[in-house]
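Residue numbers (numbering that gives the first Met the number 0): 0 to 304. Glycine included, every Cβ here is placed at the ideal spot set by N, Cα and C. Predicted model only: the values in this text are computed from it and were never measured.
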Amino acid sequence: MPEIASRQHYQVIGSLFSLLMERCKKNIHEIDAVAVARGPGLLGSLLVGMAFGKMTALLAEASFIGINHLHAHLLAATINVRADFPFLGVLISGGHTNLYRANDLKNFELLGQTIDDAVGETFDKVGTMLGLAYPAGREIDCMACAGEPGAFHFPRPYLGNAGLNFSFSGLKTAVATHIRNFRDDSTEPDFLQNTCASFNKAVSDTICAKIDQALREHADLKTLVLAGGAASNRMLRKDIHALCERHGKRFLPAPMSLCTDNAVMIAYLGCQLAKNGWKHDLHAEAIPRGKPIPDDMLSAGVPPQ
Ligand code: KG4
Ligand code: ZN
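Here it is as structure tokens:
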């Protein structure tokens, strides 16, 4: 409900900021830069953040930086560990399933993306079919750990396609048909756990097949960074880790606590960009989902660190 989401942002952002300053024991003039999620996302919520961030930057006489939410997810994996560019970025969230060649802090080359549902979205829709609460990714993950991944066979969609794009809507339909077929069969033991495990395995195999292809096509990339809400999925982490070992690549997943949307990742990428002399002027706009984010950062004249 975009309207409700943006109203709630508006209601809490002021008191949240006061609380933050109080907890950090800082005053507004100690702020050097203000980083704000600029997009992609729900426009109403982004506008609240952008307006608040611009005002704070003005009051603090600090620089202002609008952050690409998707890039920030990936950089969250490098908060405690140094990752050298270029790396293969695998972003799996509720709205996106993107493979990137990350060349530097500002240059993320999109290699492939989903043509329909995102990974997290597929988990959520399958969860609804199974009667689980939204968002269902975490619960399916837990159920899957108690089930047998080979119990049922689901398709590994879009693997015949030569490119690096994904498609998950066929898998979703296959799970819906499977649930219909078994609905009246109360004798099937561990139906829920086995369905979750088999579905999770189909998602994992599909993602691994495309990563495998990307690593072969971009053999110079030495590190794989995994991030986004669905990156906390245990089966996915384990399978992608094993794949990296087979390729002799370094596996760098975002810490579990920083996989789902969070402000730390926005601040961290903002900090890295500011240290390298980048900022926006106050004309920078919020970018809704589906629109490309312009490359309109300005050099603040600070020598790169
Ligand atoms: O990155 P995120 O917090 O929000 C977006 O930017 O989209 O991702 C949220 C998504 C939801 O669809 C949720 O079901 C999924 O991440 N998710 C998971 C798990 N934890 C969260 N999916 C699979 N396994 C999980 N453990
Ligand atoms: Zn996100």
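Put simply, the segment 185-194 does not touch the segment 205-222. Fewer than three CB pairs are less than 8 Å apart. Residue 202 places its beta carbon 8 Å or farther from that of residue 73. Between the beta-carbon of residue 113 and that of residue 96 there is about 4 Å, and that keeps the pair under the 8 Å contact cut. For residue 147, the three-state secondary structure derived from DSSP is coil. When C-alpha distances from residue 288 are compared across 39, 102, 52, the shortest belongs to 39. Taking C-alpha positions only, residue 116 is separated from residue 158 by approximately 16 Å. In the DSSP assignment, residue 123 falls within the unbroken alpha helix (DSSP H) covering 118-128. The C-alpha of residue 6 is placed about 22 Å away from the C-alpha of residue 20.
Apart from sequence neighbours up to five positions away, the residues of its chain that approach residue 212 with a beta-carbon distance below 7 Å are 163, ordered along the chain. Around the beta carbon of residue 174, 16 or more other beta carbons sit within 10 angstroms, so the residue counts as buried. With 16 or more other CB atoms across the displayed protein chains lying within 10 angstroms of its CB, residue 120 is buried.
Our two residues, residue 80 and residue 215, have alpha carbons roughly 25 Å apart in a direct line. A Cβ-Cβ distance of about 6 Å is found for the pair residue 31 and residue 61, placing them in contact under the 8 Å criterion. At the C-beta level, residue 264 and residue 231 stay beyond 8 Å of one another. Between residue 13 and the set 29, 49, 1, 42, the nearest pair of CA atoms involves 49. In the DSSP assignment, residue 153 falls outside any beta strand (DSSP E), carrying neither H nor E. The residues 203, in chain order, have a CB closer than 6 Å to that of residue 235 in the same chain once the five nearest residues on each side in sequence are set aside.
Relative to residue 37, the option among 26, 138, 53, 59 whose CA is nearest is 53.
Of 64, 228, 161, 154, the smallest CA-CA separation from residue 167 is found for 154. Counting only the Cα atoms, residue 140 lies some 11 Å from residue 197. When the beta-carbon positions are compared, residue 129 and residue 194 come within less than 8 Å of each other.
The C-beta of residue 66 has 16 or more other C-beta atoms within 10 Å across all chains shown, which makes the residue buried.
For residue 104, no alpha helix (DSSP H) run applies, since DSSP gives it neither H nor E. Assignment of residue 78 by DSSP, reduced to helix, strand and coil, places it in the coil class.
For residue 136, the closest of 156, 94, 281, 100 by C-alpha to C-alpha distance is 94.
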